[in-house]
Amino acid sequence: MVDLSRRGKYLVIGLSSGETLIMHLGMSGWFHVAPIGDRSREADPHDHVAFVMSSGQTVLFNDPRRFGFMDLAEEGRLPDYPSLSAMGPEPLSSEFDGASLARACRGKKVSLKVALLDQRVVAGLGNIYASEALHHARLSPLRKASTIATASGAPKKSATALAASIKAVLAGAIKRRESPYRSARFKVYEREGQPCLRRACGGTIRRFTQAGRSTFYCPKCQR
Ligand SMILES: [Zn+2]
């Protein structure tokens, strides 16, 4: 292993052979790093891959639900690797803003929530934070994605607000991971039937299904 990085939801590992190992944790994948000489871990049927490192440590990939993924890209082939080459900008990078979001949503007939889960629009945004960002920006998950862009693909106010909201909810989530207090994580996610947390809104959070995934939103303050 010569370097380790991330693109969207993929881990990208450069190997000394020149190849690149591409991994996705799926829904339940995680790594267990066994200390050198430690044989205490019992065999687990969900340990699917064992990496024996030059240090002597073993890194086990464990994935009970088996949605995880691993592949090797040959040397020089990473730039045109299928799921990575078409991927949109990283949401916390300067390349991602209202203008790039509007360009990606221009003319799109799908709902705004479904567009946000399209990794070509923005990299790595998942189902929970798509709902949270739309609530933060006061935008309905039901509106068409094209409504945040002009006909020529220029950003409307809503595109600028949504890009800023995506950055804000992701930055907040990263910050919370570093904090010992895990309370009040989500404003809408898994809060169906509970009052909207926006001050003086008075709405009730609703849940429905879009493209097979749960969407949570407040019909009163999200338009
Ligand atoms: Zn509300």
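To convert a position in the sequence shown, counted from 1, into our numbering, add 913.
Backbone N, C-alpha and C fix where the C-beta goes; we use that ideal spot for every residue, glycine too.
This structure is a prediction, so every number in the text was calculated from the model and none was measured.
Between the options, which has its C-alpha nearest residue i's C-alpha?
i     : options                       : result
T1063 : L1030, S1024, G1037 and R1016 : R1016
R1136 : L1025, L1014 and I1079        : L1025
T1128 : R1112, L1052 and I1087        : L1052
Y923  : A963, P995, P977 and S967     : P995
I935  : L997, Y1102 and S967          : L997
R1111 : K1100, E1105 and A986         : K1100
I926  : K1080, A986 and G1020         : A986
S1007 : T1122, T1073, Q1107 and D951  : T1073
Who are the Cβ neighbours of residue i in its own chain at under 6 Å, not counting the five residues just before and after it?
i     : result
E1003 : A1036
V1034 : G1001, A1017 and A1028
A1124 : V1027
V965  : T971
L991  : T933
D984  : I935
A999  : R1033
If residue i sits next to residue j, beta carbons under 8 Å apart, how far is it from one beta carbon to the other, in whole angstroms?
i     : j     : result
L973  : H945  : 4 Å
L938  : G981  : 6 Å
M914  : L928  : 6 Å
M1032 : G921  : Note on residue identity: the sequence assigns Gln, not Met, to residue 1032. Indeed they touch by this definition, with Cβ atoms about 6 Å apart.
L1038 : I1087 : Not confirmed; about 13 Å, so no contact.
N1040 : R979  : That belief does not hold up - the Cβ atoms of N1040 and R979 are roughly 19 Å apart, past 8 Å.
For residue i, which residues of its own chain have a beta-carbon under 8 Å away from its beta-carbon, when the five flanking residues on both sides are left out?
i     : result
N975  : G942, W943, F944, H945, D957, H959, D960 and H961
V1082 : Y1042, E1045, A1046 and H1049
A1084 : L1005
S1071 : A1050, L1052, T1060 and I1061
K1022 : K1057, A1058 and S1059
P977  : S941 and H959
Short of 7 Å in beta carbon distance, which residues of its chain neighbour residue i, apart from the five on each side in sequence? Order them along the chain.
i     : result
G1116 : C1109, C1131, P1132, K1133 and C1134
A1012 : P1068
Y1102 : I1041, S1044, E1045 and F1129
So, using beta-carbon positions, are residue i and residue j closer together than 8 Å?
i     : j     : result
A1076 : D1010 : yes
R1098 : I1118 : no
L1014 : P1054 : no
A947  : R954  : yes
R1019 : G1066 : yes
Mind listing, in chain order, the continuous beta strand (DSSP E) runs of no fewer than 3 residues lying wholly within the stretch 980-1055?
982-986
Uninterrupted beta strand (DSSP E) stretches inside the stretch 914-965 (no shorter than 3 residues)
Correct list: 916-920, 923-927, 933-937, 943-947 and 960-965.
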